[in-house]
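Data first, discussion second: the structure below is written as structure tokens.
Residue numbers (our numbering), protein chains in the order written: chain P, 20 to 313; chain D, 20 to 313.
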């Protein structure tokens, strides 16, 4: 398998799905739609929809019902970045090498564009019922909303913000990681499994794999914030130190952090290989995520 | 019918439903849950859930499926106020006589509490499938998400903000009214009708009644912003003038505005009385909304 080629094909496929589901810039409210599209098209790895679709395929999922959920999870991820970048939050002016949404459109529109993306995510996911009216779609919707809310991503963000400048311990750090980054990665893979009709055992195994990936992904992020350059990352390095954020690296040192990333990814790959069904690309994707340099 | 007594009973019933559905202040993320509950419990008329439930009853709706939607629409309404009050938006420090959420919890938590309420609204509405797995619930979810998003409330907010300090015409003003305030009122009554199993004709009639009510309600709001006092309203009067907002009153004068409110409400009541089913309380509620002084 030419992983690089397959990765590009899939990224393009996801961008086409996003094009299909994102609203067209038109009408009196066109500024907010423009801001939504600006933030979505700023790029990114499309990791969440990719993990979702690959898990869907792993369990033999077929049909279009996965598409609105792929679009929705990327919208939720993107809104969280738009709001995170606001002056009252992390106050970041650049992301992925481009000016952040509130810098281009103003703060009020940054808030509204984030709200609009979150709302549109649920509008999009709800449209999956037009494709398939089955209970597993309702279950997927429930996972999406729970994992992005106070018992998921938002919960993690809140504790992350409250922890700034404080000496928090491993316990709090793990809560932030599991929720702020982990919850959407778990949601992605879990929704893929559920919509493909995986049984409860397989679903639980996928949740555990996704938790490992999410944690490894976040630690790698913290490592890159120290070892990478602004050019490579497309955003300022050293921002954790600037914001006085406790990270796995600041608590445990860079060597232990690198070892933990290796352990987590190996465990995830082992569990993945225990399934009867195989998805070689998914395994390669997980390896890539861990070794990534941006 | 003792309207005042019935109104209090229904308001209490809605507050109990909100208590049931709102998350409990607990866990590591308790600050955001506390902020969500603060903004929800700041009061308000509970107009949207009330209109929803009364329309549900008008068409003979039974069972609990309406409850999560009643809670959800109040959460959406409340999040929109929390974000509207932010410094980057209307910058209001008081609402309903209480300090606004961002003043009490800080700006970052104000943004997150709003996000959390919006997200929790969909989490709550999605839980209606556990009560009843039928297509009309999917339809209600679609109405809720559309009317609160860019083709509804958020669309209206965007144009409202972009219009500040500009000489906009009737056309733009009607767009803002129909969407910023109107869309959620339409959604409330439409969802009530849909979940009760009303046919398409009745649903369309309800949408038209709700549009009239929404428009009348907004004009009355603009009138009160000029004629009322800060004590009665619980928020500063004259804020439209301060924010250089064009309103129906500033475009047409207060006499024409009062006449328009009367015309719209009469039309709404006439349409309501044309249904075979009757809901005396709903008719009285509509009258009260128009004559209200806060």
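Glycine included, each C-beta is placed from N, C-alpha and C at the ideal position. Treat the numbers as computed from the prediction; the structure is a model and nothing was measured.
Identification of chain D residues near residue 91 (chain P) by a Cβ-Cβ cut-off of 9 Å yields none; the smallest Cβ-Cβ distance measures about 11 Å. Secondary structure note for residue 192 (chain P): its alpha helix (DSSP H) is the uninterrupted segment 189 to 195. Using a Cβ-Cβ cut-off of 9 Å, residue 278 (chain P) is close to nothing in chain D; its nearest Cβ partner there is about 27 Å away. For residue 113 (chain P), DSSP records a beta bridge to P:118. The three-state reading of DSSP puts residue 86 (chain P) in helix, counting H, G and I together. For residue 120 (chain D), the closest C-alpha among the options D:312, D:140 and D:98 is that of D:98. For residue 160 (chain D), the uninterrupted alpha helix (DSSP H) segment begins and ends at 154 to 167. Here residue 72 (chain P) has 85, 89 and 211 as same chain residues with Cβ atoms under 7 Å from its own Cβ, once five neighbours each way along the sequence are excluded.
Among the CB atoms of chain D, none fall inside 8 Å of the CB of residue 97 (chain P). In this structure, the alpha-carbon of residue 75 (chain D) lies about 10 Å from that of residue 68 (chain D). The DSSP assignment places 249 to 252, 258 to 261, 267 to 271, 273 to 292 and 299 to 310 as complete runs of the alpha helix (DSSP H) inside the stretch 224 to 311 of chain D, in order along the chain (cut-off: 4 residues). In the displayed model, residue 76 (chain D) falls within a helix according to three-state DSSP. Per DSSP, residue 48 (chain D) is not a residue of any alpha helix (DSSP H), being assigned neither H nor E. The shortest C-alpha to C-alpha distance from residue 307 (chain D) to any of D:235, D:246 and D:115 is the one to D:235. In this structure residue 142 (chain D) is buried. Its beta-carbon is surrounded by 16 or more other beta-carbon atoms within 10 angstroms.
For the stretch 38 to 56 of chain P, the set of residues with a beta-carbon nearer than 7 Å to any beta-carbon of chain D comprises 42, 47, 48, 50, 51 and 52, in chain order.
The C-alpha of residue 55 (chain P) is placed about 29 Å away from the C-alpha of residue 183 (chain P). By the Cβ test, the stretch 226 to 246 of chain P is not in contact with the stretch 100 to 118 of chain P, since fewer than three Cβ pairs between them sit closer than 8 Å. Judged by their CB atoms, residue 201 (chain D) and residue 233 (chain D) are nearer to each other than the 8 Å cut-off. Just measuring C-alpha positions, the residue of D:21, D:87, D:151 and D:136 sitting nearest residue 59 (chain D) is D:136. Residue 230 (chain P) and residue 286 (chain P) have their C-alpha atoms some 11 Å from each other.
Interface with chain D (8 Å Cβ-Cβ cutoff): residue 138 (chain P) is included. Linking residue 156 (chain P) to residue 22 (chain P) through their CA atoms gives a straight-line distance of about 31 Å. From the beta-carbon of residue 134 (chain P), the residues of chain D found nearer than 7 Å are 102, 137 and 173.
Between residue 114 (chain D) and residue 61 (chain D), the C-beta spacing is below 8 Å. One thing to note: residue 290 (chain D) has its Cβ within 8 Å of the Cβ of residue 228 (chain D). Annotation for residue 24 (chain D): the continuous alpha helix (DSSP H) segment containing it runs 22 to 40. When 7 Å is used as the limit between beta carbons, residue 206 (chain P) is near no residue of chain D, the shortest such separation being about 12 Å. Secondary structure note for residue 137 (chain D): its alpha helix (DSSP H) is the uninterrupted segment 126 to 145.
For residue 150 (chain D) against residue 83 (chain D), the beta-carbon gap comes to about 5 Å, under 8 Å, which counts as contact.
Residue 92 (chain P) is not a Cβ neighbour of residue 217 (chain P), given a cutoff of 8 Å.
Proximity to residue 53 (chain D) across D:277, D:112, D:80 and D:133 peaks at D:133, based on C-alpha coordinates. In the three-state DSSP reduction, residue 170 (chain P) falls in the coil class, being neither helix nor strand. Going by beta carbons, residue 127 (chain D) and residue 87 (chain D) fall outside the 8 Å limit.
Chain-ordered listing is empty here: chain D has no CB closer than 7 Å to the CB of residue 112 (chain P), the nearest sitting near 16 Å.
Between the alpha carbons of residue 44 (chain D) and residue 38 (chain D) lies a gap of roughly 11 Å.
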